[in-house]
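Add 85 to the 1-based position in the sequence shown for this note's numbering, that's all there is to it. Heads up, the beta-carbon is just placed ideally off N, CA and C, and yes, glycines get one too.
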Amino acid sequence: MTDLFEIVDAATAAFAQAVTPAELENAKALFLGKSGRMTELMKGMAALSVDEKKSRGAAINVAKQAIEAALTQRRQALADAELQLQLQAEALDVTLPGRQRGAGGLHPVSLTLERIEAIFGSMGFDVAQGPEIETDWFNFTALNTPEDHPARSMHDTFYVEGGTEKAPLLLRTHTSPMQIRHAVQHVKKYRDAVGADSSALFSGDMPEIRVIAPGRTYRVDSDATHSPMFHQCEGLWVGENVSFKDLKFVFTDFCRTFFESDDLVLRFRPSFFPFTEPSAEIDIQFAAGPLAGRWLEVAGSGQVHPNVIRNMGLDPEKFIGFAFGIGPDRLTMLRYGVNDLRLFFDGDIRFLSQFQ
Ligand code: PHE
86 MTDLFEIVDA ATAAFAQAVT PAELENAKAL FLGKSGRMTE LMKGMAALSV
136 DEKKSRGAAI NVAKQAIEAA LTQRRQALAD AELQLQLQAE ALDVTLPGRQ
186 RGAGGLHPVS LTLERIEAIF GSMGFDVAQG PEIETDWFNF TALNTPEDHP
236 ARSMHDTFYV EGGTEKAPLL LRTHTSPMQI RHAVQHVKKY RDAVGADSSA
286 LFSGDMPEIR VIAPGRTYRV DSDATHSPMF HQCEGLWVGE NVSFKDLKFV
336 FTDFCRTFFE SDDLVLRFRP SFFPFTEPSA EIDIQFAAGP LAGRWLEVAG
386 SGQVHPNVIR NMGLDPEKFI GFAFGIGPDR LTMLRYGVND LRLFFDGDIR
436 FLSQFQ
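Here's what the structure looks like:
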């Protein structure tokens, strides 16, 4: 019997020394395998008497069961240790803050455009949208800027395939083409309604044209205050009795509402645009704040040139009005105190999220 106790002890010790499943299986073979020690003992029973075989066999079985139990226990211990290691390696730090989904928001220039639309909307202006790929006619010629006019050189732009030599396609350099596009549609509606001759200039009755046209514009220009793509918002008011005085009133009211300051002063500085006569740059001056005392240019403007009124299909003897072109990027910089225009177009979320 003592030999059996020894074998069980030896097996238990060998199993305890095994630190990987493979080592454990090797140790098992030494005791329970085909030529293992227990198998050898069984073979040794052949020489015994029937009675001896009975008692010896029972004892060997008990020992075998003890070894199998030790093996199972060690297998479990190794599996537990393995699992423990894996859990440690794959541990999640549940105290780390989760990834949050930002609420998102509008770009600061979009906020400005919405503000411009709301203010002019309250003054009865419609909002019109037009193409960014424009024809030479709408961008220049219809706006009293014929080919070879020196004013075209300030509006160098990107030309687009698909036009003809006579009618090239380009990225619009300003929103002023929308003056023509919108007015032509407006006039057509009221001319057709009374059956007036479409080849003659219209001098009948029609509701006033009062519209703004915000959108993207393009020029070959790039520095801290100019971007090849920028925004403009055109304004047009044409009727039978619309004067420069109305332009001054409307624009002053707009600026004071936009900047929420009744002390804001405006200056209409004489200038030149081919499509307005007289023309003026509009400068504003804040009464307080870091920019106080400086004149800041915010728009071009003027009384619509008679040739432009004609290209709208209207009789300039009857219709008169004003137009302006605002720089919404500039307004955004002034409103928020931003000094580099390029920040608006870099797409850096740290900059943009400040405006939400
Ligand atoms: N289109 C002009 C520009 O881009 C601005 C302007 C618009 C001037 C309307 C007068 C009237 O500079």
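{"Asked": "Beta strand (DSSP E) runs wholly inside the stretch 197-269, at least 3 long, in chain order", "Found": "218-220, 254-256"}
{"Asked": "Element boundaries [alpha helix (DSSP H), containing Pro182]", "Found": "Careful: Pro182 lies outside any alpha helix (DSSP H) and carries neither H nor E."}
{"Asked": "Asp348 versus Asp368 - alpha carbon distance", "Found": "14 Å"}
{"Asked": "Buried or exposed by the 16-neighbour rule on C-beta atoms within 10 Å, applied to Val279", "Found": "exposed"}
{"Asked": "Cβ contact (3+ pairs, closer than 8 Å) linking the stretch 217-231 and the stretch 351-361", "Found": "yes"}
{"Asked": "Rounded C-alpha distance that separates Gln388 from Pro363", "Found": "6 Å"}
{"Asked": "Beta strand (DSSP E) segment containing Ala298, residue limits", "Found": "294-303"}
{"Asked": "Reference Asp443, options Arg276, Phe436, Asp433, Phe315, closest by Cα", "Found": "Within the shown structure, residues of the chain are numbered from 86 to 441, placing residue 443 beyond reach of any answer."}
{"Asked": "Nearest-angstrom Cα separation, counted from Asp165 out to Ile434", "Found": "48 Å"}
{"Asked": "Closer than 7 Å: Ala408 CB and nearest the ligand PHE heavy atom", "Found": "yes"}
{"Asked": "Thr105 - DSSP class collapsed to helix/strand/coil", "Found": "coil"}
{"Asked": "Span of the beta strand (DSSP E), counted from its first residue to its last, around Ala408", "Found": "405-411"}
{"Asked": "Heavy atom of the ligand PHE within 7 Å of Pro404 beta-carbon", "Found": "The identity of residue 404 in the sequence shown is Phe, whereas the question assumes Pro. Phe404: no, Cβ never under 7 Å from the ligand PHE."}
{"Asked": "Bounding residues of the alpha helix (DSSP H) (the contiguous stretch that carries Pro391)", "Found": "391-396"}
{"Asked": "Sequence-distant residues of its chain with Cβ nearer than 8 Å to Ala155 (five each side left out)", "Found": "Val93, Ala96, Thr97, Phe100"}
{"Asked": "Alpha-carbon spacing of Phe353 relative to Ala365, whole angstroms", "Found": "5 Å"}
{"Asked": "Distance cut-off 7 Å: His259 Cβ against heavy atoms of the ligand PHE", "Found": "yes"}
{"Asked": "Local conformation of Glu319 per DSSP, three classes", "Found": "strand"}
{"Asked": "Beta-carbon gap between Leu181 and Pro106 smaller than 8 Å", "Found": "no"}
{"Asked": "DSSP-derived helix/strand/coil call for Phe287", "Found": "strand"}
{"Asked": "DSSP-derived helix/strand/coil call for Thr310", "Found": "coil"}
{"Asked": "Glu325 Cβ short of 7 Å to the ligand PHE heavy atom set", "Found": "no"}
{"Asked": "Contact set for Leu399: own chain, Cβ-Cβ below 8 Å, skip 5 residues either direction", "Found": "Ala268, Val272, Leu286, Phe287, Ser288, Val323"}
{"Asked": "beta-carbon Thr361 near the ligand PHE non-hydrogen atom, thresh 7 Å", "Found": "yes"}
{"Asked": "For Asp368, three-class secondary structure by DSSP", "Found": "strand"}
{"Asked": "Buried/exposed call for Pro235, threshold 16 Cβ in 10 Å", "Found": "exposed"}
{"Asked": "Euclidean distance between Cα positions of Ser261 and Val212", "Found": "14 Å"}
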